[in-house]
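Numbered according to our numbering, the sequence shown terminates at residue 607, and the numbering increases by one at each position without gaps.
By construction, the Cβ of each residue, glycine as well, lies at the ideal position given by its N, Cα and C atoms.
Values in this document were obtained by computation on a predicted structure and should not be read as measured data.
This report concerns only the one structure given below.
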Amino acid sequence: MLTKAEQMDERIKSEKRVTVSSVEHIVFDIFGISLRSIAADPKAPGAQRTHPLFKEWAGDEGGKAGKEELLAYAFARLPAGFSGEMVREVINDVYRVNLSGISALEASLFSLFSKGKWVKQDEYDLFVLNTGSTDTEVTVSVTDHFIRQTGSSVLPAGLYKDLEALGYFYVPEKNQLKYLSPSGCPVGDAFKKQTIEALEKAGQQIQM
Numbered sequence: 400m401l402t403k404a405e406q407m408d409e410r411i412k413s414e415k416r417v418t419v420s421s422v423e424h425i426v427f428d429i430f431g432i433s434l435r436s437i438a439a440d441p442k443a444p445g446a447q448r449t450h451p452l453f454k455e456w457a458g459d460e461g462g463k464a465g466k467e468e469l470l471a472y473a474f475a476r477l478p479a480g481f482s483g484e485m486v487r488e489v490i491n492d493v494y495r496v497n498l499s500g501i502s503a504l505e506a507s508l509f510s511l512f513s514k515g516k517w518v519k520q521d522e523y524d525l526f527v528l529n530t531g532s533t534d535t536e537v538t539v540s541v542t543d544h545f546i547r548q549t550g551s552s553v554l555p556a557g558l559y560k561d562l563e564a565l566g567y568f569y570v571p572e573k574n575q576l577k578y579l580s581p582s583g584c585p586v587g588d589a590f591k592k593q594t595i596e597a598l599e600k601a602g603q604q605i606q607m
């Protein structure tokens, strides 16, 4: 069975010409994520414009451009033989949506709620990772299945320690670990990866 990233690769290959509209449809069909809605959301994180395809973009114009305009600019400059992975890199750069990362989570042990919708959810998930609408506030909590599996609603000590080291703090009234970006800027992919690794480690220990 193809992963979501591989399904996207196949769809991209079948396109005669990659456009903003065609990619919006592909992403929604496969991932259930509306890039159009994210582009229209004033709370959504701004584009980074760090991808090499934006190296000639005028800085002052970049601050005014919308996400769809930036995506169209990048797609017009895709090299011959470009891959679906490159398209996902551009989307991550502009929309702050890591589709390759989301695809890799299909077998994970936690649910992911991001930008107002469930990106990944399964009744047997042990944790919920919520990155909010702006990626500046991240929370981790346990699921009903975790409570059934462990007989407790207490967050695992190892997970608590690992996330506390990343800057998370405990919110007792909500029984969740929370992280607030000190700069007010969206958390980066490296931080998300560390959080995910901590969740997977805790989940695997529970299932042992």
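ask   = Looking only at C-alpha atoms, which of Leu554, Asp521, Gln548, Leu598 sits nearest to Glu505?
value = Glu505 has its Cα closest to that of Asp521, out of Leu554, Asp521, Gln548, Leu598.
ask   = Asp459: buried (16+ other C-beta within 10 angstroms of its C-beta) or exposed?
value = Residue placement at Asp459 cannot be trusted, given a pLDDT of 47 that sits under 50; the coordinates are not used to answer.
query = How is Ser513 classed by DSSP in three states: helix, strand or coil?
reply = Ser513 falls in the strand class under three-state DSSP.
key: Separation of Tyr578 from Ile546, as counted between CA atoms   = Using only the alpha carbons, I get a separation of about 23 angstroms.
task = Determine which residues share a DSSP beta bridge with Glu536 and list them.
result = DSSP lists Leu579 as partners of Glu536.
ask   = DSSP state of Tyr569, grouped into three classes?
value = Three-state result, Tyr569: strand.
ask   = Who are the near neighbours of Gly461 in its chain, counting only those whose CB is closer than 8 angstroms to its CB and skipping five residues on each side?
value = Because Gly461 carries a pLDDT of 45, less than 50, the predicted location of this residue cannot be relied on, and the following value inherits that uncertainty. The answer, listed in chain order, is Ala446, Arg448, Phe453, Leu469.
key: DSSP-derived helix/strand/coil call for Asn491   = Looking at Asn491 - three-state DSSP - the assignment turns out to be helix.
task = Return the chain-ordered ranges of every alpha helix (DSSP H) run that is complete within the stretch 425 to 505 and spans a minimum of 4 residues.
result = The stretch 425 to 505 contains these whole alpha helix (DSSP H) runs: 434 to 439, 458 to 461, 466 to 474, 483 to 494, 498 to 503.
Three-state class that DSSP yields for Val419 in the structure shown = Of the three classes helix, strand and coil, the one that applies to Val419 here is helix, per DSSP.
ask   = Excluding the five sequence neighbours on either side, which residues of its own chain have a C-beta within less than 7 angstroms of the C-beta of Glu423, listed in chain order?
value = For Glu423, where only same-chain residues beyond five positions count, the Cβ hits under 7 angstroms are Leu434, Arg435.
message = Count Cβ pairs between the stretch 487 to 505 and the stretch 404 to 420 that sit closer than 8 angstroms; are there 3 or more?
response = Judged by Cβ distances under 8 angstroms, the stretch 487 to 505 makes contact with the stretch 404 to 420, as three or more pairs qualify.
key: Sequence-distant residues of the same chain with beta carbon closer than 7 angstroms to Glu572, five excluded per side   = Counting only residues of its own chain and dropping the five nearest sequence neighbours on each side, Glu572 has no CB closer than 7 angstroms to any other CB.
message = Given this structure, state the Cα-to-Cα distance separating Glu599 from Ile605, to the nearest angstrom.
response = A straight-line Cα-Cα distance of about 10 angstroms links Glu599 and Ile605.
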